[in-house]
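Written out below as structure tokens is the structure these notes cover.
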Amino acid sequence: MILITGASSGLGASLAQLYAEQDDIAITGRNAERLAQVAESIKPQTNSYVCDLSDEQSVTHLFDALSSTPSMIIHCAGSGYFGPIETQSVAQIKQLLDNNITSAVLMLREAVKRYKDQAVTVVIVMSTAALAAKAEESTYCAAKWAVKGLIESVRLELKASPMKLIAVYPGGMDTGFWPASGKQANTESFMSATEAATMLKQALQASEQGYISDITITRG
Ligand SMILES: NC(=O)c1ccc[n+]([C@@H]2O[C@H](COP(=O)([O-])OP(=O)(O)OC[C@H]3O[C@@H](n4cnc5c(N)ncnc54)[C@H](OP(=O)(O)O)[C@@H]3O)[C@@H](O)[C@H]2O)c1
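Right, here's the structure in full:
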């Protein structure tokens, strides 16, 4: 079974469509209506769970509800917020940090707590904004750099564990992320969610003795 977070929209929803062709999946997002639409479009009775991953109890309930140990967790949940630093609102900055950092910390903490002695792969989607500084994206970069630090540190804690952490750095995708962020981005040249999901799924194919640990999906 594969658990996909952030699956009510964008990259997570496209990955859910692709993985459902061959695997059992469970999907999660916050917006119940959109999540139900994605589940319905995949196949009836797709397991879906409404969950705010920045809330400790919701995360525990999500993992309690899973019918089996996932072989892979793909964490796509996240959001954007942009603009010159002095114009950013504190409430929106806090929300950005919750959606990107707190959600990744709580999800990974729960997964490690439960599965660190099992061959579970945890894939965490960040952004190319975790790799390079960008003007007017300061708090978004800060959030994604924090998640990179989280992954690289927890990897050291999991050295002797069969659990694997995979870091993903996508470039621009034409998804609901941009309208939700409030930024008027011209997304004409951006990857579609399906394109990015197809490349990511290919890169996540592991062999008997190896796997791709860090994946950058660059927009051409
Ligand atoms: N789009 C881009 O250009 C781009 C580029 C690089 C990296 N990324 C990153 O890629 C990931 C996926 O982005 P996307 O483009 O697919 O965005 P999207 O279409 O806006 O989807 C984001 C998903 O994350 C969920 N989410 C956000 N905060 C959450 C929380 N606190 N708890 C649970 N779920 C939460 C949303 O749920 P609800 O809508 O149900 O609330 C939605 O399902 C994000 O981490 C984003 O930062 C995006």
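Each residue of the sequence shown is one higher than the one before, starting from 1 at the first, in full-length UniProt numbering. The beta carbon of each residue, even a glycine, is placed where N, CA and C say it ideally should be.
Terminal residues of the beta strand (DSSP E) in which residue i lies
i	result
A167	164-170
G182	First-last for G182: undefined, no H or E at that position.
T216	214-217
With 16 other Cβ atoms within 10 Å as the buried cut-off, status of residue i
i	result
T28	buried
K144	buried
D174	buried
residue 301	Because the chain in this structure spans residues 1 to 220, residue 301 falls outside the shown range and cannot be described.
L156	exposed
T87	exposed
P44	exposed
G6	buried
Presumed contact (8 Å Cβ cut-off) between residue i and residue j, rounded CB distance
i	j	result
residue 229	T194	Residue 229 lies beyond the range of the chain shown here (1 to 220); nothing can be said about it.
Y140	Y81	6 Å
L11	A196	6 Å
Beta bridge counterpart(s) of residue i as assigned by DSSP
i	result
H75	T5, I124
M173	M191
Y49	T28
Residue i: first and last residue of the uninterrupted alpha helix (DSSP H) it sits in
i	result
T139	138-157
G12	10-19
residue 224	Only positions 1 to 220 of the chain appear in the structure, and residue 224 is not among them; the question remains open.
Q95	90-97
E110	103-115
- Item | Stretch-stretch touch, CB-based, cutoff 8 Å, three pairs: the stretch 57-77 with the stretch 123-138 | A contact is defined here as three or more CB-CB pairs under 8 Å, and the stretch 57-77 meets this definition with respect to the stretch 123-138.
| Hey, is the stretch 101-119 in contact with the stretch 199-218, meaning 3+ C-beta pairs nearer than 8 Å? | Result no; under three Cβ-Cβ pairs closer than 8 Å.
Counting Cβ pairs closer than 8 Å, one from the stretch 31-43 and one from the stretch 56-71, do we hit at least three?
With a cut-off of 8 Å, the stretch 56-71 and the stretch 31-43 do not count as touching, because too few Cβ pairs lie within range.
Taking one C-beta from the stretch 84-95 and one from the stretch 15-23 each time, how about it: are there three or more such pairs within less than 8 Å? The stretch 84-95, when compared against the stretch 15-23, does not touch it at the 8 Å Cβ threshold.
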